[in-house]
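Step one of this worksheet: look at the structure below.
Protein chains: 2
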Amino acid sequence: MKYPNSNKHFQKEALHDTSRRGMSLESEINRSNQYYLDNDLANIHKKPTPITIVNVDYPSRNAAKITEAYFKIPSTTDYNGIYKGKYIDFEAKECQSKTAFPFTSIHPHQIKHLQSVIKHGAVAFLIMRMTHYGRDYLIRADEFLAFYFSGKRKSLPYSWIQEHGYPITFKLLIPCDYLKAVDEAFNL
Amino acid sequence: MKYPNSNKHFQKEALHDTSRRGMSLESEINRSNQYYLDNDLANIHKKPTPITIVNVDYPSRNAAKITEAYFKIPSTTDYNGIYKGKYIDFEAKECQSKTAFPFTSIHPHQIKHLQSVIKHGAVAFLIMRMTHYGRDYLIRADEFLAFYFSGKRKSLPYSWIQEHGYPITFKLLIPCDYLKAVDEAFNL
Numbered sequence: 002m003k004y005p006n007s008n009k010h011f012q013k014e015a016l017h018d019t020s021r022r023g024m025s026l027e028s029e030i031n032r033s034n035q036y037y038l039d040n041d042l043a044n045i046h047k048k049p050t051p052i053t054i055v056n057v058d059y060p061s062r063n064a065a066k067i068t069e070a071y072f073k074i075p076s077t078t079d080y081n082g083i084y085k086g087k088y089i090d091f092e093a094k095e096c097q098s099k100t101a102f103p104f105t106s107i108h109p110h111q112i113k114h115l116q117s118v119i120k121h122g123a124v125a126f127l128i129m130r131m132t133h134y135g136r137d138y139l140i141r142a143d144e145f146l147a148f149y150f151s152g153k154r155k156s157l158p159y160s161w162i163q164e165h166g167y168p169i170t171f172k173l174l175i176p177c178d179y180l181k182a183v184d185e186a187f188n189l
Numbered sequence: 002m003k004y005p006n007s008n009k010h011f012q013k014e015a016l017h018d019t020s021r022r023g024m025s026l027e028s029e030i031n032r033s034n035q036y037y038l039d040n041d042l043a044n045i046h047k048k049p050t051p052i053t054i055v056n057v058d059y060p061s062r063n064a065a066k067i068t069e070a071y072f073k074i075p076s077t078t079d080y081n082g083i084y085k086g087k088y089i090d091f092e093a094k095e096c097q098s099k100t101a102f103p104f105t106s107i108h109p110h111q112i113k114h115l116q117s118v119i120k121h122g123a124v125a126f127l128i129m130r131m132t133h134y135g136r137d138y139l140i141r142a143d144e145f146l147a148f149y150f151s152g153k154r155k156s157l158p159y160s161w162i163q164e165h166g167y168p169i170t171f172k173l174l175i176p177c178d179y180l181k182a183v184d185e186a187f188n189l
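The listed protein sequences derive, respectively, from chains A and B.
The numbering used here applies: residue 2 is where the first sequence begins, and numbers increase by one.
The numbering used here applies: residue 2 is where the second sequence begins, and numbers increase by one.
In structure tokens form, the structure reads like this:
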């Protein structure tokens, strides 16, 4: 894909301005997924938030109103789907810290899930937004897990992320264009 | 279009006849998925029910109680995951009728979704429980869609299901052992 110079300029500018979009990482990924879907590039969705429904009212025949429910701890990652015939699985995280991503921000269930899908042949990764720097990175889940289980640290240093992560670029139509980084990271 | 054989009388009979297990199809698939997961055979999950959350109360610091929410129409199928390196995607349906599965029981969104994932190389199918007969079948989504779009009928006849479907067997530990049928239907 080719982009006129003005767009490239805009991208660079955008990377330096941390409040550049005013959109959450989740919204940007959802919009990117919609673009990928509409253009037949991939079929990837965010899973609905898991909740336990306790009570439902039926004010009328065709309407159901949930009046009591609670959030559940997710047992998987938030996103999955298919791209170039491959099973895609990832988790997205925003990191407020300037220096490192703390491992407490990722559920042990999700760690276990990533290990499992990798074993079955998934293209698995994390998308990490370093909010302070206004930068998004794709991190291969296998590399992340190797560091996580090395026991060296209780967080992932930003320097490590810069070295091992694949930068994700921002485009107007694809605000978090992670598939390009997937191609690069997994040679697809 | 109405089917004379699918009236309430027959439905009641069917319900009396074959609650061979006393579990819903969904529960049986969930239990089977748990078995597959625990035994490292596959990683397949039911997606949470999509809802729109309107109001959340915080009675205490760590507790969030959803007090108003509504069910959304699902934009994808209910189940997906990975098996033998393949992206797996399916929908499960219980059919009360003795003679045919009505197409009104499947959302147009889900039809579109199945078309899309097939295009990207998914192993996509339906699991259909014919409750009257107490039988479960795996139906390849590509074959289902070919019939659906042929315009011949507004439902899938049971005779067609018997001819084109792959029977799914019941085991105590794997109450809906559909992976065996996947192997057969897709030569995995």
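Ideal placement from N, C-alpha and C gives every residue a C-beta, glycine not left out.
At a beta-carbon threshold of 7 Å, the residues of chain B lying near VAL118/A are ASN44 and ILE83, ordered along the chain.
Residues of the stretch 103-135 of chain B with a Cβ closer than 9 Å to any Cβ of chain A, in chain order: HIS114, SER117, VAL118, LYS120, HIS121, GLY122 and ALA123. Among the residues facing chain A, SER25/B is not included, as its CB has no counterpart in that chain under 9 Å away.
One thing to note: ILE83/B has its Cβ within 9 Å of the Cβ of GLY122/A. Here MET129/A is buried: its Cβ has 16 or more other Cβ atoms, across all protein chains shown, within 10 Å.
Ranked by how close their Cα comes to the Cα of ASP41/A, the residues VAL118/B, SER28/B, LYS48/B and SER98/B have VAL118/B in first place. The CB of ASP41/A comes closer than 9 Å to the CB of SER117, LYS120 and HIS121 in chain B, given here in chain order. A straight line joining the alpha-carbon of VAL124/A with that of ARG62/A spans about 44 Å. For THR78/B, the number of other beta carbons within 10 angstroms of its own is at least 16, and it is reported as buried. The three-state reading of DSSP puts TYR134/B in coil, since its state is none of H, G, I, E or B. The three-state reading of DSSP puts PHE148/A in helix, counting H, G and I together. Below the 9 Å Cβ cutoff, chain B contributes PRO49, THR50, ILE52, ILE54, ILE67 and ALA70 as neighbours of ILE52/A, in chain order. Counting only Cβ-Cβ distances below 8 Å, LYS172/A has no contacts in chain B at all, with the closest Cβ about 22 Å away. If you look at PHE187/B, you'll find it in the alpha helix (DSSP H) that goes 179-187. According to the DSSP assignment, SER156/A belongs to the beta strand (DSSP E) that extends over 156-158.
Uninterrupted beta strand (DSSP E) stretches at least 3 residues long and entirely within the stretch 45-69 of chain A occur at 52-61, given in chain order.
For SER156/B, the number of other beta carbons within 10 angstroms of its own is at least 16, and it is reported as buried. Inclusion of ALA186/B and ARG136/B in the CB contact set at 9 Å is not warranted, their separation being larger than that value.
Counting only the Cα atoms, LEU180/A lies some 22 Å from SER76/B. Residue contact with chain B for ILE89/A: present (Cβ-Cβ distance below 9 Å to some residue of chain B).
For the set LEU174/B, CYS177/B and ILE107/B, the Cα lying nearest the Cα of PHE145/B is the one of ILE107/B. Chain A places a beta carbon closer than 9 Å to that of SER76/B, counting this residue as a contact. Residue burial is scored here from C-beta neighbours: HIS133/B has at least 16 other C-beta atoms within 10 angstroms and is therefore classed as buried.
In the structure shown, the three-state DSSP call for LEU173/A is coil. Each of ASN188/B, ILE54/B, ARG32/B and PRO49/B was checked against the Cα of ALA70/B, and the nearest Cα belongs to ILE54/B.
An exposed status is given to TYR59/A, since fewer than 16 other beta-carbon atoms sit within 10 Å of its beta-carbon.
Between the C-alpha atoms of TYR159/B and THR100/B there is a straight-line separation of about 5 Å. Non-local C-beta neighbours of LEU127/B in its own chain, meaning closer than 7 Å and more than five positions away in sequence, comprise PHE91, GLU92, LYS94, ILE140, ALA142 and PHE145, ordered along the chain.
Residues of chain A with a Cβ closer than 8 Å to the Cβ of LEU38/B are, in chain order, SER117. With fewer than 16 other beta carbons inside 10 angstroms of its own, MET24/A counts as exposed.
Cβ-Cβ distances below 6 Å link ILE175/B to SER33 and TYR36 in the same chain, with the five nearest sequence neighbours on each side left out; the list follows chain order. In this structure, TYR167/A is the residue among PHE171/A, LYS172/A and TYR167/A with its C-alpha nearest to the C-alpha of ASN188/A. Relative to LEU26/A, the option among ASP178/A, LYS87/A, ALA65/A and ASP184/A whose CA is nearest is ASP178/A.
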